[in-house]
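For reference, the structure discussed in these notes is given below.
Protein chains: 2
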Amino acid sequence: MSKSNNVYKDAYNRGLRLLDETRSLPSEPELGTLLGVSRTTVRTILARMEETGLIDWNKRSKTVLREPRPDDFFPEEETDTLAEIIERSFMLRLLASGAEAGMQINELELAREIGVGTTSVREFLIRFSRFGLIEKRRNSHWVLKGFTRAFALELTEIREMFELRSAAAFAALPEDSPVWVDLDRLEDEHRLLAREIAVRFNEFSELDERFHRLIHRASHNRFIVDFYDVIAMIFHYHYQWNKAQERERNEVAVQEHLAYIAALKSRDLAKVDAACRKHLKSACHTLLTSIPEGSQPQRA
Amino acid sequence: MSKSNNVYKDAYNRGLRLLDETRSLPSEPELGTLLGVSRTTVRTILARMEETGLIDWNKRSKTVLREPRPDDFFPEEETDTLAEIIERSFMLRLLASGAEAGMQINELELAREIGVGTTSVREFLIRFSRFGLIEKRRNSHWVLKGFTRAFALELTEIREMFELRSAAAFAALPEDSPVWVDLDRLEDEHRLLAREIAVRFNEFSELDERFHRLIHRASHNRFIVDFYDVIAMIFHYHYQWNKAQERERNEVAVQEHLAYIAALKSRDLAKVDAACRKHLKSACHTLLTSIPEGSQPQRA
DNA sequence: ATAATGTCTTTTATCGGGAAAAAACATTTT
DNA sequence: AAAATGTTTTTTCCCGATAAAAGACATTAT
């Protein structure tokens, strides 16, 4: 079967949302930029839209004929990339079952279980290895290092180093830097979320990532910026996994962010340092509570 | 052709060196541990050794019949892993020709040029991406970020953070920790090298890596330890590329290492900090001199 | 002449297959 | 019975092939 057409399906679904906004669609290159795909894919999309009677397509004219119905959309699960599918399966295994540290990972078994080729699994494992949770034995299998306390502490140590430095760099940015506008906008979003925290608490995770990424970017260091991928991945699954006191935790975190933002705006380095440390400390604490006590650091 | 038998060839060559030491060889499992390969490979090796009249092999008895000759060895280039071959080709391209930042990398072209399959090139690029020199455009090509001044500075920034912290952790290690013995041994090697620097200056690079890795290990943080891979890779190619004043540079570095070692032994954190900073500063300076002035940081 | 569309080519993503190497199991030797 | 050797199975590594997607070139419309 070679390659799935998830790029097309995902772009098609997003394309459907453009239909009810205007009575006719823009040019092919424009649609390409809008959807983030090549013109080849745009044309495949348009062809199907015509086929299903959504639009009338003749060269430059692309007239919308009707509103898209729910059944016009491709099912969500068909729009995921293979990498996403594999990652989800893998993380489920890692977090759910008794994934002991030291356990060996079998490419073939994983591939069969998920129903994909070994190449994709191999590529995933290589990409995933930078998160520090698995390790390769030279021309042999992969070894699971486990989502342990030690891991969480090591991750936090680096995160603190990087974020303190980034935050300091952020606070030192000139008045006219565009980041202050971004920060203001984020502050507003935080206030809004704080007000409606009772019902919208699950929206925090996304806001959290945007906020921290903005700060890390101020470091102007690719290694710091890239390291946030590790944190984001861990917290992404952590949020999905540990739902205990989610509302309370997020409520606290939002307030910490607001204090952190205020500190940044004050440009007082001592305040920034304190606010950052405080927030990271509670983030680390939350992370630690979701790790089973049994997971102890292993010896090499 | 599928998979090359470089593991066997490399282990065979190393196995030849065991022949002149003893009149008979140990058991198969023992040989496996010694050479770091499976028993399957050991048996392939023994089979060939018998075939070429090097040993007489009958079950447990493996008697050495003659000393290995130069032509018994497999050629060096056949013992490299594909990953090594690809990395070398790629780095040569990156450092040699006008590898402009922003240039796009073509998997197919690279594979054809090196004479390997695309899968291996893809896997290499994924592994290599963590060094921060290339970047992937979602379902499209890779982009070269370039070996620029900005890269060297960002690398150095992280290196300094990590090494200062590791060095401090090192100095705080208890008297009976085995690292002090390792450090003593390294100090001896440094003194020896210092005495014969005129002829052995090219042996410094290997000693340098061992020294810094020892220090980084004291951090007990996988992200810090793993980051040294980035530094090691960069300096490995840097040493091969920039031969200007190699002797002088290494002579200075050896002395800096000795001062650094003395500081660690004194356990005086201020001294450690100063010695570490001084050494890293000159290492960074050396690295910068090998980067062409034209390579300026690019805007996204 | 610029920017779109139409068509063709190249590259990426993924699979299945096969040889090398590892690992597991069975049998023999000390 | 512990550890080696002999044999078989499984897994990893890597290639070539193919569909999806991107990109390049040619043509047409404003």
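Sequences listed follow chains W and S, in order.
Quick note, the first sequence lines up with residues 1 to 300 if you use the working numbering.
Quick note, the second sequence lines up with residues 1 to 300 if you use the working numbering.
The beta-carbon is built from N, C-alpha and C at its ideal position, and this holds for glycine as well.
Note that the structure is predicted; figures quoted are calculated from it, not measured.
Candidates the options, of which the one nearest residue i by Cα
| i | options | result |
| --- | --- | --- |
| Arg88 (chain S) | S:Gly102, S:His238, S:Leu46 | S:His238 |
| Leu19 (chain W) | W:Arg247, W:Val116, W:Asp72, W:Asn250 | W:Asp72 |
| His216 (chain S) | S:Glu206, S:Asp229, S:Ser205 | S:Asp229 |
| Met1 (chain W) | W:Ala198, W:Ser205, W:Val116 | W:Val116 |
| Leu92 (chain W) | W:Glu76, W:Ile114, W:Glu51, W:Gly102 | W:Ile114 |
| Ala101 (chain W) | W:Lys59, W:Ala274, W:Lys145 | W:Lys145 |
| Leu207 (chain W) | W:Glu189, W:Gly53, W:Ile158 | W:Glu189 |
| Val181 (chain W) | W:Asp268, W:Cys276, W:Leu264, W:Ala168 | W:Leu264 |
| Asp226 (chain W) | W:Arg130, W:Leu31, W:Phe204, W:Leu192 | W:Arg130 |
| Arg137 (chain W) | W:Ile105, W:Ala168, W:Thr22, W:Arg159 | W:Ile105 |
| Ala270 (chain W) | W:Trp142, W:Ala169, W:Glu203, W:Ala99 | W:Ala169 |
| Ala171 (chain S) | S:Ile158, S:Ala262, S:Pro292 | S:Ala262 |
| Leu82 (chain W) | W:Arg159, W:Ala274, W:Lys3, W:Ile134 | W:Lys3 |
| Asn221 (chain W) | S:Glu50, S:Gly132, S:Asn202, S:Ile291 | S:Gly132 |
| Pro292 (chain S) | S:Trp142, S:Glu256, S:Leu94 | S:Leu94 |
| Phe235 (chain S) | S:Gly32, S:Ser290, S:Glu256 | S:Ser290 |
| Glu209 (chain S) | S:Ile231, S:Ile197, S:Ala274, S:Ala198 | S:Ile231 |
8 Å CB neighbourhood of residue i in its chain, flanking five on each side removed
| i | result |
| --- | --- |
| Arg122 (chain S) | Glu107 |
| Glu28 (chain S) | Arg39, Val42, Arg43, Leu46 |
Straight-line Cα distance separating residue j from residue i
| i | j | result |
| --- | --- | --- |
| Glu248 (chain S) | Val252 (chain W) | 57 Å |
| Met161 (chain S) | Pro26 (chain W) | 50 Å |
| Arg299 (chain S) | Thr40 (chain W) | Legend: pLDDT at Arg299 (chain S) = 39, less than 50; position of this residue unreliable, no value from coordinates given. |
| Arg185 (chain W) | Phe211 (chain W) | 10 Å |
| Glu187 (chain S) | Arg165 (chain S) | 21 Å |
| Met233 (chain S) | Arg127 (chain S) | 12 Å |
| Thr156 (chain S) | Phe223 (chain W) | 11 Å |
| Arg69 (chain S) | Leu54 (chain S) | 10 Å |
| Val179 (chain W) | Leu34 (chain S) | 57 Å |
| Ala194 (chain S) | Arg267 (chain W) | 49 Å |
| Thr52 (chain S) | Val37 (chain S) | 21 Å |
| Ala47 (chain W) | Phe74 (chain W) | 15 Å |
| Glu84 (chain S) | Glu77 (chain S) | 10 Å |
| Thr22 (chain S) | Asp56 (chain S) | 14 Å |
| Gln296 (chain W) | Asn58 (chain S) | Below a pLDDT of 50, predicted positions are generally treated as unreliable, and Gln296 (chain W), at 48, falls in that range; no measurement from the model is reported. |
| Lys281 (chain S) | Gly15 (chain W) | 53 Å |
| Cys276 (chain S) | Asn139 (chain S) | 43 Å |
| Ala99 (chain W) | Met103 (chain S) | 42 Å |
| Arg200 (chain S) | His279 (chain S) | 20 Å |
| Gln245 (chain W) | Ile134 (chain W) | 30 Å |
| Phe90 (chain S) | Glu109 (chain S) | 12 Å |
| Glu256 (chain S) | Glu175 (chain W) | 42 Å |
| Asn202 (chain W) | Leu183 (chain W) | 21 Å |
Buried versus exposed, by CB contacts within 10 Å (16 or more), residue i
| i | result |
| --- | --- |
| Val254 (chain S) | buried |
| Glu163 (chain S) | buried |
| Lys243 (chain S) | exposed |
| Ser24 (chain S) | exposed |
| His61 (chain S) | The sequence given here has Ser at residue 61 (chain S), not His. Exposed, by the Cβ-count rule. |
| Thr286 (chain S) | buried |
| Val272 (chain S) | buried |
| Leu311 (chain W) | Missing from the structure shown is residue 311 (chain W); chain W here goes from 1 to 300 and no further. |
| Arg159 (chain S) | buried |
| Glu96 (chain W) | Just to set this straight, residue 96 (chain W) is Ala in the shown sequence, not Glu. Classification of Ala96 (chain W): exposed, given that the 10 Å Cβ count is below 16. |
| Glu154 (chain S) | buried |
| His141 (chain S) | exposed |
| Asn250 (chain S) | buried |
Contact set for residue i: own chain, Cβ-Cβ below 7 Å, skip 5 residues either direction
| i | result |
| --- | --- |
| Thr79 (chain W) | Asn6, Lys9, Asp10, Asn13 |
| Leu288 (chain S) | Arg149, Ala152 |
| Ala111 (chain S) | Gly117, Thr118, Val121 |
| Ile86 (chain S) | Ile114, Val116, Ser120, Val121, Phe124 |
| Arg213 (chain S) | Tyr228 |
| Ala218 (chain S) | Ser166, Ala169, Phe170, Leu173, Val179 |
Sequence-distant residues of its chain with Cβ nearer than 6 Å to residue i (five each side left out)
| i | result |
| --- | --- |
| Glu67 (chain S) | Asp20 |
| Ser205 (chain S) | Tyr239 |
| Cys284 (chain W) | Thr156 |
| Met49 (chain S) | Ile55 |
| Leu258 (chain W) | His190 |
Cβ-heavy atom distance, residue i to the ligand FMN, below 7 Å
| i | result |
| --- | --- |
| Thr22 (chain W) | What this structure holds is no ligand at all, so the ligand FMN is not there to describe. |
Length-filtered (4 minimum) alpha helix (DSSP H) runs lying within the region 176–233 of chain S: Runs of the alpha helix (DSSP H) inside the region 176–233 of chain S: 179–195, 197–200, 204–217.
Run through the region 142–168 of chain S for me and flag every whole beta strand (DSSP E) of 3 or more residues, listed as ranges in chain order. 142–144
My parser needs the beta strand (DSSP E) runs of 3 or more residues fully inside the region 36–76 of chain S; what are they? 55–58, 61–64
Pick out the complete alpha helix (DSSP H) segments inside the region 84–128 of chain S, 4 residues or longer, and give them in chain order. List check, alpha helix (DSSP H) in window: 107–114, 118–128.
Alpha helix (DSSP H) runs wholly inside the region 237–276 of chain W, at least 4 long, in chain order: Considered as a whole, the region 237–276 of chain W harbours 246–266 as its complete alpha helix (DSSP H) runs of no fewer than 4 residues, in chain order.
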